[in-house]
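If you're matching positions, the sequence shown starts at 1 in our numbering and goes up one per residue. Positions of the beta carbon are idealized from the N, C-alpha and C atoms, including for glycine. Predicted model, so just to flag it, every value in this text is computed and none were measured.
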Amino acid sequence: MEVFDRKTCNVPLTQCGFIDMFVREAFANFSEFANLGHLSAQLEANYEQWKSQTSSWTPANNVSLHI
(Lines of atoms letter the chains of each structure in order from A and count residues from 1; the text may use other names and numbers.)
(Lines give C-alpha, C1' and ligand atoms only; values in the text may rest on other atoms or scores of the structure.)
Protein backbone atom coordinates (compact mmCIF):
# COMPACT_ATOMS: atom_id res chain seq x y z
CA MET A 1 0.00 0.00 0.00
CA GLU A 2 1.35 3.37 -1.00
CA VAL A 3 0.37 4.94 2.33
CA PHE A 4 2.78 2.58 4.11
CA ASP A 5 5.64 2.86 1.62
CA ARG A 6 8.32 5.10 3.13
CA LYS A 7 9.63 5.93 -0.33
CA THR A 8 6.36 7.35 -1.68
CA CYS A 9 4.25 8.23 1.37
CA ASN A 10 3.00 11.80 1.79
CA VAL A 11 3.53 11.97 5.55
CA PRO A 12 1.56 15.19 6.17
CA LEU A 13 -1.41 13.77 4.26
CA THR A 14 -1.36 10.54 6.26
CA GLN A 15 -1.13 12.52 9.51
CA CYS A 16 -4.20 14.55 8.50
CA GLY A 17 -6.05 11.36 7.62
CA PHE A 18 -5.17 9.78 10.96
CA ILE A 19 -6.38 12.86 12.82
CA ASP A 20 -9.59 12.95 10.76
CA MET A 21 -10.39 9.27 11.21
CA PHE A 22 -9.32 8.57 14.79
CA VAL A 23 -7.80 11.34 16.85
CA ARG A 24 -10.19 14.28 16.52
CA GLU A 25 -13.23 12.47 17.94
CA ALA A 26 -11.23 10.85 20.73
CA PHE A 27 -9.69 14.19 21.70
CA ALA A 28 -13.08 15.90 21.63
CA ASN A 29 -14.58 13.32 23.97
CA PHE A 30 -11.61 13.19 26.31
CA SER A 31 -11.07 16.95 26.51
CA GLU A 32 -14.76 17.47 27.26
CA PHE A 33 -14.66 14.80 29.97
CA ALA A 34 -11.43 16.07 31.55
CA ASN A 35 -12.07 19.79 30.90
CA LEU A 36 -8.95 20.11 28.74
CA GLY A 37 -10.18 22.27 25.87
CA HIS A 38 -6.68 23.54 25.20
CA LEU A 39 -5.73 20.06 23.95
CA SER A 40 -8.31 20.27 21.19
CA ALA A 41 -7.01 23.70 20.24
CA GLN A 42 -3.46 22.33 20.02
CA LEU A 43 -4.66 19.37 17.96
CA GLU A 44 -6.28 21.74 15.46
CA ALA A 45 -3.10 23.83 15.29
CA ASN A 46 -1.08 20.68 14.61
CA TYR A 47 -3.59 19.58 11.98
CA GLU A 48 -3.32 22.93 10.19
CA GLN A 49 0.47 22.70 10.27
CA TRP A 50 0.40 19.22 8.67
CA LYS A 51 -2.25 20.34 6.18
CA SER A 52 -0.10 23.28 5.06
CA GLN A 53 2.69 20.84 4.17
CA THR A 54 0.62 18.37 2.12
CA SER A 55 0.91 20.05 -1.29
CA SER A 56 4.65 20.76 -1.07
CA TRP A 57 5.67 17.34 0.32
CA THR A 58 7.73 15.15 -1.98
CA PRO A 59 9.10 11.62 -1.47
CA ALA A 60 12.54 13.21 -1.03
CA ASN A 61 11.29 14.60 2.31
CA ASN A 62 10.87 11.04 3.58
CA VAL A 63 14.63 10.44 3.60
CA SER A 64 15.01 12.45 6.81
CA LEU A 65 12.42 10.19 8.48
CA HIS A 66 14.49 7.01 8.08
CA ILE A 67 16.45 5.89 11.09
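One question on the structure: do residue i and residue j come within less than 9 Å of each other, judged by their Cβ atoms?
i   : j   : result
K51 : C9  : no
F27 : S40 : yes
Might you give, ordered along the chain, the residues of its own chain that have their beta carbon closer than 6 Å to the beta carbon of residue i, omitting 5 neighbours on each side?
i   : result
A47 : The sequence given here has Tyr at residue 47, not Ala. Hits under 6 Å: I19.
Need the endpoints of the alpha helix (DSSP H) that residue i sits in, please.
i   : result
V11 : V11 to F18
R24 : R24 to A34
W57 : No alpha helix (DSSP H) contains W57, which DSSP labels as neither H nor E.
Sorted by chain position, which residues of the same chain lie with C-beta nearer than 7 Å to residue i's C-beta, five sequence neighbours on each side aside?
i    : result
S127 : Within the shown structure, residues of the chain are numbered from 1 to 67, placing residue 127 beyond reach of any answer.
P59  : K7 and T8
Q53  : P12
Keeping to the same chain, check which residues put their C-beta closer than 8 Å to that of residue i; ignore five residues upstream and five downstream.
i   : result
W57 : N10, V11, P12 and L13
From residue i to residue j, what does the alpha carbon distance come to, in whole angstroms?
i   : j   : result
S55 : Q49 : 12 Å
N35 : N29 : 10 Å
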